[in-house]
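J.:
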Amino acid sequence: MGGSNVWQEQRNFVKSLHEQGILDSHFDEILDLPRESPQFVIDLVSTFCSDAENAIAALIRYLNEPDINYSRIIDQVHQIRGASSCIGGHRMALACRELRYACEDKDKDRCLAACGKTRDEYQILKEKFNIILQAYFSSALRKDFLSLGEMRSNIQ
1 MGGSNVWQEQ
11 RNFVKSLHEQ
21 GILDSHFDEI
31 LDLPRESPQF
41 VIDLVSTFCS
51 DAENAIAALI
61 RYLNEPDINY
71 SRIIDQVHQI
81 RGASSCIGGH
91 RMALACRELR
101 YACEDKDKDR
111 CLAACGKTRD
121 EYQILKEKFN
131 IILQAYFSSA
141 LRKDFLSLGE
151 MRSNIQ
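In the UniProt record's numbering, the protein residues as written are 1 to 156.
1) Around the C-beta of Arg11, are 16 or more other C-beta atoms found within 10 angstroms, so that it is buried, or is it exposed?
2) Secondary structure at Leu17, three-state DSSP: helix, strand or coil?
3) Beta-carbon within less than 7 Å of Leu99's beta-carbon, same chain only, minus the 5 sequence neighbours each way: which residues are those?
4) Roughly how many angstroms separate the alpha carbons of Asn66 and Glu9, rounded to a whole number?
5) Scan the UniProt domain "HPt" (37-139) and note each continuous alpha helix (DSSP H) run of 4 residues or more that stays entirely inside, going in chain order.
6) With burial defined as no fewer than 16 other Cβ atoms inside 10 Å of the residue's Cβ, what is the status of Ala93: buried or exposed?
7) Can you list, in chain order, the residues of its chain with a C-beta nearer than 7 Å to that of Val33? Leave out the 5 residues immediately preceding and following it.
8) Check each candidate in Ile60, Cys96, Ser138 and Gly88 and name the one with the smallest Cα separation from Ile80.
9) DSSP on Leu33, reduced to helix/strand/coil?
10) Could you tell me which of Lys128, Ile60, Ile124 and Gln134 sits nearest to Lys108, measuring between CA atoms?
11) Quick one: measure Cβ to Cβ for Val45 and Phe129, integer angstroms, because I've assumed they're closer than 8 Å.
12) By how many angstroms is the C-alpha of Ala135 removed from the C-alpha of Trp7?
13) Report yes if the C-beta distance between Leu23 and Gly89 is below 8 Å; otherwise report no.
14) Can you list, in chain order, the residues of its chain with a C-beta nearer than 6 Å to that of Ser85? Leave out the 5 residues immediately preceding and following it.
15) So the candidates are Ile68, Ile132, Ser138 and Gln123; which of them puts its Cα closest to the Cα of Ala52?
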């Protein structure tokens, strides 16, 4: 009963993130993966966050170079946008799109502003993912604990 309540609370939280435009249905597909394997979801989100942080740091470096290579930035933005879209980071993907448009126009000021927006949307997404992962981790531990209890009672 308690586990079911945790999952429902998590679904309600995710629904509110949909309503705010932070997440989209792609993240629902990830959550619909078998509950027996929460570690996969944890690993997937952790990898996304690590890759996104590295990519955003690279974007900032590229935008601060004296001679900006907009093609290289567009390639990097394309990767970040693809990753954020695949994991369901809707607002982050939109921010990446704006950054791409600014790069296509070779407008450094707009690029810097859009990069800041992308970074901000990533921070929001990361914060929300951390909340969701805590529920996943808590649920996985609770399940492992209950399984251990069942094993002990079967042994006795």
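Here a beta-carbon is modelled for each residue, glycine too, at the ideal position from N, C-alpha and C.
Being a predicted model, the structure only gives us computed values, none of them experimental.
T.: Let's see:
1) By 1-based counting over the sequence shown, the position of residue 11 is 11. Burial call: exposed.
2) Counting from one through the sequence shown, the residue named residue 17 turns up at place 17. Leu17: helix per DSSP, three-state reduction.
3) As a working mapping, residue 99 is identified with position 99 in the sequence shown. Cβ neighbours of Leu99 beyond the five flanking positions: Val77, Cys111, Ala114, Cys115 and Thr118.
4) The count along the sequence shown starts at 1 and reaches residue 66 at position 66. The count along the sequence shown starts at 1 and reaches residue 9 at position 9. The sequence as given places Pro at residue 66; Asn does not occur at that position. The straight-line gap from Cα to Cα measures roughly 49 Å.
5) 38-63, 70-87 and 90-104
6) In the sequence shown, counting from the first residue as 1, residue 93 sits at position 93. Buried, because 16 or more other Cβ atoms sit within 10 Å of the Cβ of Ala93.
7) Numbered from 1 along the sequence shown, position 33 holds the residue referred to as residue 33. For clarity, residue 33 is Leu in the given sequence; the question names Val instead. Same-chain partners within the cutoff: Phe40 and Val41.
8) In the sequence shown, counting from the first residue as 1, residue 80 sits at position 80. Cα-wise, what sits closest to Ile80 is Cys96.
9) Against the sequence shown, residue 33 aligns to sequence position 33. Leu33: coil per DSSP, three-state reduction.
10) The residue labelled residue 108 in the question sits at position 108 within the sequence shown. Ranking the options by Cα distance to Lys108, first place goes to Ile60.
11) The residue labelled residue 45 in the question sits at position 45 within the sequence shown. The residue labelled residue 129 in the question sits at position 129 within the sequence shown. Right, their Cβ atoms sit about 5 Å apart.
12) Translated into the one-based positions of the sequence shown, residue 7 becomes position 7. Translated into the one-based positions of the sequence shown, residue 135 becomes position 135. Approximately 8 Å, taken between the alpha carbons.
13) In the sequence shown, counting from the first residue as 1, residue 23 sits at position 23. In the sequence shown, counting from the first residue as 1, residue 89 sits at position 89. Yes, they are a contact pair.
14) Here residue 85 corresponds to residue number 85 of the sequence shown, with the count starting at 1. Within the same chain, Ser85 has close Cβ partners Ala93.
15) The residue given as residue 52 occupies position 52 in the sequence shown. Selected option, being the one with the closest Cα: Gln123.
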